[in-house]
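Counting from 1, position 49 in the sequence shown corresponds to residue 36 in my numbering; the numbering is continuous, with no gaps.
Just below is one structure, and these are the notes that go with it.
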Amino acid sequence: MSEETKRINVIFPADLLEELDALVPTRKRSEVIIRATSEYVQKLKTLVALKESAGAWSDTAHPKMATPEEITRWVADLRASWRSEPLLPAEPDHA
């Protein structure tokens, strides 16, 4: 998110604004509204991406992943390949 800010005029239902005022400390209302809006926008972006990618997968193109068990096996094999090297060097023996 950019550091530039802009002031906007937003109209809220009175009861929602009363709840917000009762729950949010003074001078924190903008922060709460910004955070909630940001989270909602991220959800909308996810929905757009899901809608755009609908139909990208076909069972006929992936016959070896037709069941949950086969998918689980594929994910386990993929994850196993990620850690073929240890993350840290072996500790020297201190005898």
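Backbone N, C-alpha and C define an ideal beta-carbon position, used for all residues, glycine too.
No experiment lies behind these values; they were computed from the predicted model shown.
Exercise for the section: Starting from Glu26, trace the alpha helix (DSSP H) both ways and give me its first and last residue. Expected result: Arg16 to Ser40
Problem - Residues near Phe(-1) in its chain [Cβ-Cβ closer than 8 Å; skip 5 each side] - result: Leu7
Handout entry: Opening and closing residue of the alpha helix (DSSP H) in which Arg60 lies
Key = Pro55 to Trp69
Problem - Inter-residue Cα distance where the pair is Ala67 and Lys32 - result: 31 Å
Exercise for the section: Confirm, please, whether the CB-CB distance from Val28 to Val19 is below 8 Å. Expected result: no
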